[in-house]
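For what it's worth, our numbering labels the leading residue of the sequence shown as 1, then goes sequentially.
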Amino acid sequence: MQRKIYLVRHAQTIPGNIHTPDEKRMLTPEGEASATHLGIYLKQKILILI
Numbered sequence: 001m002q003r004k005i006y007l008v009r010h011a012q013t014i015p016g017n018i019h020t021p022d023e024k025r026m027l028t029p030e031g032e033a034s035a036t037h038l039g040i041y042l043k044q045k046i047l048i049l050i
C-alpha cells in the first residue's frame, strides 16, 4: 500500500507578541479561508482513498 504524506503549514494569523502562544492567536480572514479550503481538499482526498 502506497502512502502519501501531506506537509501543511499553519494558516495566517493575526500578529502577536513573544508572550502569545500560537494556539491563542486568531486567524486572519485569509487564514480562515485557506484553512477551510485545505480541509475540503483533504477530506476529498481521504474519501477517495477509503
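Don't be surprised by glycine CBs; every beta carbon is placed ideally from N, CA and C. Everything numeric in this text was worked out from a predicted model, so none of it was measured.
* Under a three-way DSSP split, which group does residue 7 fall into? -> The residue given as residue 7 occupies position 7 in the sequence shown. Residue state, collapsed to three classes: coil.
* **Counterpart residues of residue 13 in DSSP-defined beta bridges** => Translated into positions along the sequence shown, residue 13 becomes position 13. For residue 13, which the question treats as bridged, DSSP gives the partners 27.
* Kindly list the residues whose CB is nearer than 8 Å to the CB of residue 32, restricted to its own chain and excluding five residues on each side of it in sequence; keep chain order. => Within the sequence shown, numbered from 1, the residue matching residue 32 stands at position 32. If we look at residue 32 and ignore the five residues flanking it on each side, its Cβ neighbours are 11.
* Roughly how many angstroms separate the alpha carbons of residue 19 and residue 25, rounded to a whole number? -> Reading the sequence shown from its first residue, position 19 is the one you call residue 19. Reading the sequence shown from its first residue, position 25 is the one you call residue 25. So the alpha carbons of these two residues sit roughly 11 Å apart.
* **Nonlocal neighbours in the same chain, by C-beta distance under 8 Å from residue 13, ignoring five residues either side** => Translated into the one-based positions of the sequence shown, residue 13 becomes position 13. Cβ within range, chain order: 22, 25, 26, 27, 28, 31.
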